[in-house]
Structure formats: structure tokens, C-alpha cells
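*Asks:*
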Amino acid sequence: MAGSQQRQQLLFLYLGNSNLEAAVVGWSFYDGTGKKKFEAAGEAQEPPYKSVLDAMLDGWRVLQVPTLRAPQIGREYQVDYLDFEFVLEKLEAIDG
């Protein structure tokens, strides 16, 4: 097949709050091109971007923003999932 095809990369960024400029506190990266390995918080010292806005400035498209929920009284100290999850996408060309 002549030309190039595109493959999807997904970046999950977890922020400290719902502001697009808030600091990243966790992340996961999935590469459909096969060029880069899976990466998650804890595997690297620094997140790939400081904020969602920084990722957008680098060409990432926001696919999902978090649903804001009212705080649940009495659950402040219970372990739960991270509330402020943003899902971003970038399409990368591959030879094909």
C-alpha cells in the first residue's frame, strides 16, 4: 500500500483539579504506532506535559474531560480513583 497510514496515540492525564492548566499528578500513555512503549506515572520522574493545556499546544486533541462531582462528605480519606481524568489523542503517520 503506497503512502502512509495514521495510528492513534492516547494520553490519559490526571490533574489536581478540573482546570486545564492544573498540574499533572498521574498519567498513562498508549502508542498505537508501536514506536514507543507504554508509560505510566511512577515509571518516569516527570510527566510528559505539565498540564493538559501544554499537551494541547503540542498538538494533542482532548477527547474527554472529567465529570465534576460534588464532594461526598465522610469519604475524604477513602482510597478512590483520580477524579480529574482527561483523555487526549494524537494521530501519527506510519509507513504502510
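Quick note: numbering that gives the first Met the number 0 has the sequence shown finishing at residue 95, numbered continuously throughout. We put the beta carbon where it would ideally sit given N, CA and C, even for glycine. Note that the structure is predicted; figures quoted are calculated from it, not measured.
Pick from 91, 89 and 85: whose alpha carbon is nearest that of residue 14?
*Replies:* Walking along the sequence shown from the start, residue 14 turns up at place 15. Residue 85 is the option with its Cα nearest to residue 14.
*Asks:* In the structure shown, what three-state DSSP assignment does residue 51 receive?
*Replies:* Against the sequence shown, residue 51 aligns to sequence position 52. Here residue 51 sits in helix by DSSP.
*Asks:* Which value, in whole angstroms, describes the spacing of the CA atoms of residue 57 and residue 76?
*Replies:* Within the sequence shown, the letter at position 58 stands for residue 57. Within the sequence shown, the letter at position 77 stands for residue 76. Near 36 Å, if we compare the C-alpha coordinates of residue 76 and residue 57.
*Asks:* Expressed to the nearest angstrom, what Euclidean distance is found between the alpha-carbon atoms of residue 65 and residue 18?
*Replies:* Along the sequence shown, read from residue 1 onward, the residue named residue 65 stands at position 66. Along the sequence shown, read from residue 1 onward, the residue named residue 18 stands at position 19. For residue 65 and residue 18, the distance between alpha carbons rounds to 10 Å.
*Asks:* Evaluate residue 12 with the Cβ neighbour count: other Cβ atoms within 10 Å of its Cβ, from every protein chain shown; 16 or more gives buried, anything less gives exposed.
*Replies:* Here residue 12 is taken as the residue at index 13 of the sequence shown, counted from 1. By the neighbour-count rule (16 or more Cβ atoms within 10 Å), residue 12 is buried.
*Asks:* Would you mind listing the beta strand (DSSP E) stretches within the segment 25-76 that are 3+ residues and don't spill past its ends, in chain order?
*Replies:* Counting whole runs of 3 or more residues, the segment 25-76 contains the beta strand (DSSP E) stretches 60-63.
*Asks:* Only counting the same chain, and skipping five residues up and downstream in sequence, which positions put a Cβ closer than 7 Å to that of residue 67?
*Replies:* By 1-based counting over the sequence shown, the position of residue 67 is 68. The answer, listed in chain order, is 17.
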